[in-house]
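Residue numbers (our numbering), protein chains in the order written: chain A, 139 to 390; chain B, 10 to 263. Quick reminder that beta carbons are idealized off the backbone N, C-alpha and C, glycines included. To start, the structure itself, in structure tokens.
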């Protein structure tokens, strides 16, 4: 059974001493990160810094080698605890990962029906609710291939929400999008942030970070180098690596 | 396609007549004579055995192949290993020796284990064809499933689907479109290999042709018809598979 001994500690996510290697490559080094309920974290850093690997460890898409991960009071250790954690954590991927052979509606109802045992009617009602929330209910009966990238990513967000997660992870949700479609996706994520959802967002969209983040986490070479409020982070970066990164990314 | 097929058939008949001019014996399968007609029906009756044999063996092979392929893609090497061994081992055995082993040897093995069953030619041939072919179908499944991006599995797992549900609702429906052409190849291969069942006494197309040759002494004409029988069978399968592919392709609005 999942260990719930930490329930009531008030933390959505607790990560302590997390280490991960790919062969000889040290992908994550001594990561400590605590996320409160309702907190919105933006993780940034140069490519290869371990941002994606970090959030993929939170729902165990990547196994970690050392350290302790507790999600909403559940200690990650065995298959049952991973199952329990995944049922509370939604994830949105850079490449959307919609199921191309299913309609939008079927994409959204698959999880609720098969994993949660909802009836088709209830699952469809829930799907329509979230499709309306991401503002594309009229696309319900098309296949993903017929939608634009921005629409597909909004469907992917709705698909996650249909599982009614407590925590949402976003892995570079706008990096695969054409520029004109970025804002429609960010608007949906901001709306979600304003509703009090706990979230970790890996992104290079610094405007979004200023608007939506409670806390910035800057990573480089597998380490958390700096954390702070968006204001401190952008106006008064403490480390040289962070200053260099901000200069590069805000240049344009 | 159609014209070239006809040309090829014409050439076959002409060539087979070369060097034996005036020595044709088509009367042996001339449908206008009672003797010829009864010979033809005797030969054509083999269709049912060949078709039944091939279809059951192919279905079994597809089931066994999937059961072998899935653990073969596990991250756990103790699940992968038996699958690998099965494929390498079965793939290395020629069909005819395996057929002899199953038909003559397996009952002895089973008897020594206290199981007394006789394996008739029909089931012996099906078992052999299915097992022999399953090593190849397993590899076809593996390449098809691995061609579906990892992101599909990840997305399925994050919305709470189990491994079995992920395979059933997400991966296999996509993989089947890519697997269909090579699976059809395997089916055609099974149809042709089913001819080996004749050597253990199965009354299919080849066996009947052989028996008629023994009584009529007309190998050229009878074996020509035999080849045409397989050709027709395989062409029918090809057309059916094309149709199926078009139908599936049309379903995917991409």
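Between the alpha carbons of residue 168 (chain B) and residue 228 (chain A) lies a distance of about 7 Å. Residue 197 (chain A) belongs to the set of residues whose beta carbon lies under 8 Å from a beta carbon in chain B. At a cut-off of 8 Å between beta-carbon atoms, residue 262 (chain A) makes no contact with chain B. Interface annotation, residue 45 (chain B): not in contact with chain A, CB-CB separation never under 8 Å. For residue 225 (chain A), the residues of chain B that pass the 8 Å Cβ criterion are 169, in the order they occur in the chain. When secondary structure is reduced to three states using DSSP, residue 126 (chain B) falls in the coil class, being assigned neither helix nor strand. For residue 95 (chain B), the enclosing alpha helix (DSSP H) has its first and last residue at 86 to 100.
Between the stretch 85 to 103 of chain B and the stretch 220 to 230 of chain B there are fewer than three inter-stretch CB-CB distances shorter than 8 Å, so the stretches are not counted as touching.
When C-alpha distances from residue 154 (chain B) are compared across B:118, B:190, B:128, B:78, the shortest belongs to B:78.
Under the Cβ distance rule, residue 175 (chain A) does not count among the residues neighbouring chain B, no pair being separated by less than 8 Å.
Legend: CB atoms of the stretch 236 to 251 of chain A lying less than 7 Å from CB atoms of chain B belong to residues 237, 238, 239, 248, 249. B:128 is the residue among B:55, B:128, B:61 whose C-alpha sits nearest the C-alpha of residue 112 (chain B). In this structure, residue 362 (chain A) places its C-beta atom within 8 Å of the C-beta atom of residue 169 (chain A). Taking a beta-carbon distance threshold of 8 Å, residue 253 (chain A) counts as an interface residue toward chain B.
Here residue 179 (chain B) has 161, 165 as same chain residues with Cβ atoms under 6 Å from its own Cβ, once five neighbours each way along the sequence are excluded. The beta carbon of residue 135 (chain B) lies closer than 8 Å to those of 62, 65, 66, 69 in the same chain, with the five residues before and after it left out. With a cut-off of 8 Å on Cβ pairs, the stretch 208 to 220 of chain A is not in contact with the stretch 246 to 261 of chain A, counting fewer than three such pairs. If you draw a straight line from the Cα of residue 108 (chain B) to the Cα of residue 247 (chain B), it is about 27 Å long. Here residue 271 (chain A) is actually not in contact with residue 294 (chain A); their C-beta atoms are around 13 Å apart, not less than 8 Å. Judged by pairs of C-beta atoms under 8 Å, the stretch 338 to 345 of chain A touches the stretch 184 to 197 of chain A, as three or more such pairs exist.
At a cut-off of 8 Å between beta-carbon atoms, residue 161 (chain A) makes no contact with chain B. By DSSP's assignment, residue 204 (chain A) forms a beta bridge with A:157. Of all C-beta pairs linking the stretch 349 to 362 of chain A to the stretch 320 to 337 of chain A, three or more are shorter than 8 Å, placing the two stretches in contact. Residue 288 (chain A) places its beta carbon less than 8 Å from that of residue 323 (chain A). Taking 8 Å as the upper bound for CB-CB distance, residue 34 (chain B) and residue 230 (chain B) are in contact here, some 5 Å apart.
Taking 8 Å as the CB threshold, residue 172 (chain B) stays off the interface with chain A. The stretch 164 to 179 of chain A makes no contact with the stretch 366 to 374 of chain A: fewer than 3 CB pairs, one atom from each, lie closer than 8 Å. Proximity of chain B to residue 231 (chain A) at the Cβ level (cut-off 9 Å) is accounted for by 160, 163, 164, 167, in chain order. Distances from the CA of residue 163 (chain B) to each of A:278, A:187, A:235, A:360 were compared; the closest alpha carbon is that of A:235. Approximately 7 Å separates the beta-carbon atoms of residue 182 (chain A) and residue 354 (chain A); this is inside 8 Å, confirming the contact. A residue is called buried when at least 16 other Cβ atoms come within 10 angstroms of its Cβ; residue 216 (chain B) meets this threshold and is buried. Between residue 316 (chain A) and residue 157 (chain A), the alpha-carbon positions lie close to 35 Å from each other. Looking at the backbone, the Cα of residue 256 (chain A) and that of residue 268 (chain A) are separated by about 16 Å. When only Cα atoms are considered, residue 123 (chain B) and residue 114 (chain B) end up about 15 Å apart. In the structure shown, residue 134 (chain B) adopts helical secondary structure according to DSSP, grouped into three states.
By the CB criterion at 8 Å, residue 182 (chain B) and residue 239 (chain A) fall inside the cutoff.
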